[in-house]
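Written below as structure tokens is the structure these notes are about.
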């Protein structure tokens, strides 16, 4: 009986991990920050999930950001999104909307913003103009 139970549990856990495999590659959003069409490096870009963004402007500050990435030499901040953590569960709603913002250094004053809706496995590019 113990052997049967052990085999059954092994099969269930094995199927669970196989079912969680990623379908279609990585999901990412690349945010380019430009000022007068010139890429801006070293700028912190803040990512907000839809719920925290739409419910109150009080949550639109760096403190409440879900992720932060600094732009590279090309002015691009790349956000790698995790299935089940960042993205909505596929069965309920296969797409997720994210909001991105930049702020004046050391303040809650927003200098630019954009939004994008993405599905698992996609890579999208958006631009914030300062």
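Numbering (this note's numbering), first residue to last: 764 to 893.
Note that CB positions come from ideal geometry on N, CA and C, so glycine has one too.
Outcome for residue i when other beta-carbon atoms lying within 10 angstroms are tallied against a minimum of 16
{"i": "residue 834", "result": "buried"}
{"i": "residue 811", "result": "buried"}
{"i": "residue 844", "result": "buried"}
{"i": "residue 803", "result": "buried"}
{"i": "residue 820", "result": "exposed"}
{"i": "residue 838", "result": "buried"}
Beta carbon of residue i nearer than 8 Å to that of residue j
{"i": "residue 848", "j": "residue 840", "result": "no"}
{"i": "residue 866", "j": "residue 872", "result": "yes"}
{"i": "residue 860", "j": "residue 813", "result": "yes"}
{"i": "residue 858", "j": "residue 880", "result": "yes"}
{"i": "residue 793", "j": "residue 876", "result": "no"}
{"i": "residue 885", "j": "residue 824", "result": "no"}
{"i": "residue 846", "j": "residue 883", "result": "yes"}
Nearest residue (CA-CA) to residue i, options the options
{"i": "residue 850", "options": "893, 829 and 806", "result": "829"}
{"i": "residue 806", "options": "868, 878, 846 and 842", "result": "868"}
{"i": "residue 826", "options": "809, 796 and 797", "result": "809"}
Practice problem: Ignoring anything shorter than 3 residues or poking outside the segment 818 to 843, list the beta strand (DSSP E) runs there in chain order. | Solution: Counting only runs of 3 or more, we get 830 to 833.
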